[in-house]
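S.K.:
Numbering (full-length UniProt numbering), first residue to last: 1 to 249.
Written out as structure tokens, the structure is:
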């Protein structure tokens, strides 16, 4: 038998899909996919063609090569295809992939399998896009996509600028960062919506920091503040400014 069944299992796990999810994409029953992966049956050509379209592979790749043993070659081929375009590829991390990102942020295989897009107006650099949810950064609405540029040295963080902060304890958050004058290893994260209290994170818990460079949102999705809301925001903001001054100094 060919190695197609093993390759299907390898590719499915590479994307983090369950058998049910992968079978749905291939328009077959989960039990049939299980038979393929356990090599109790040979995958049909039409199924392999769908797999090839999903992963940009040929039938020869799926039938004759053991992708698990030559994954470096497979990933190198994918990266070469992306680099040949000569543009910055921006990996997109949707909310549903946030938990996986915390575990796989340093795994080239995981990053390589994220969906990508390009924005021609960005300067050369390393960028990543994150979907945010919730109202803590209003008026930036829930569901917005924040495109961030990688901050290699956390000491380069600038007070009051907005960042995507990836940390072990807090996960992926979009906040304004403030350095702590008393402790170089602590940072205060501040929401634009002043009804949310600032909080501190330890530098050693921070995995990555991405400086926000662009916000992508749905048309007509901007929230509208009424007069009473704005008055409450101003009052709460004044209280938070006083709190931050005491906390930082």
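For glycine and all other residues, C-beta sits at the position ideal for the given N, C-alpha and C.
None of these values were measured; they are calculated from a predicted model.
1. Let me know if residue 199 comes out buried or exposed under the rule of 16 or more other beta-carbons within 10 Å of its beta-carbon.
2. Between the beta-carbon of residue 212 and the beta-carbon of residue 146, is there less than 8 Å?
3. Fully enclosed by the segment 94 to 138, which beta strand (DSSP E) runs are 3 residues long or longer?
4. With three or more C-beta pairs closer than 8 Å as the rule, is the segment 114 to 122 touching the segment 174 to 184?
5. Provide the residue span of the alpha helix (DSSP H) that contains residue 200, from first to last.
6. Which of helix, strand or coil does DSSP assign to residue 145?
7. Which partner residues does residue 45 have in the DSSP bridge list?
8. For residue 35, which of helix, strand or coil comes out of DSSP?
9. Please classify residue 33 as buried or exposed, where buried requires at least 16 other C-beta atoms within 10 Å of its C-beta.
10. In terms of residue numbering, what span does the beta strand (DSSP E) encompassing residue 174 cover?
11. Pick from 20, 197, 36 and 120: whose alpha carbon is nearest that of residue 8?
12. If you follow the beta strand (DSSP E) that residue 152 is part of, which residue opens it and which one closes it?
13. Do three or more CB pairs link the segment 201 to 220 to the segment 146 to 156 at distances below 8 Å?
M.R.: So, from the listed chains and residues:
1. For the purposes of this step, residue 199 is taken as residue 199 along the chain shown, with counting starting at 1. By the neighbour-count rule (16 or more Cβ atoms within 10 Å), residue 199 is not buried but exposed.
2. Within the chain shown, the letter at position 212 stands for residue 212. Within the chain shown, the letter at position 146 stands for residue 146. Contact: yes.
3. 127 to 131
4. no
5. Here residue 200 is taken as the residue at index 200 of the chain shown, counted from 1. Here residue 200 belongs to no alpha helix (DSSP H); instead the beta strand (DSSP E) covers 199 to 202.
6. Position 145 of the chain shown, counting from 1, holds the residue named residue 145. Strand at residue 145.
7. What you label residue 45 is simply residue 45 of the chain shown in a count that begins at 1. According to DSSP, residue 45 bridges with nothing at all.
8. The residue given as residue 35 occupies position 35 in the chain shown. If DSSP states are grouped into helix, strand and coil, residue 35 belongs with the helices.
9. Taking the chain shown and counting its residues from 1, the one referred to as residue 33 is at position 33. Buried, since its Cβ has 16 or more Cβ neighbours within 10 Å.
10. Against the chain shown, residue 174 aligns to sequence position 174. Start and end: 171 to 179.
11. To locate residue 8, count along the chain shown from 1; it is residue 8. The shortest C-alpha separation from residue 8 is found at 36.
12. On the chain shown, residue 152 is found 152 positions in, with the first residue counted as 1. From DSSP, residue 152 is part of no beta strand (DSSP E); its letter is neither H nor E.
13. yes
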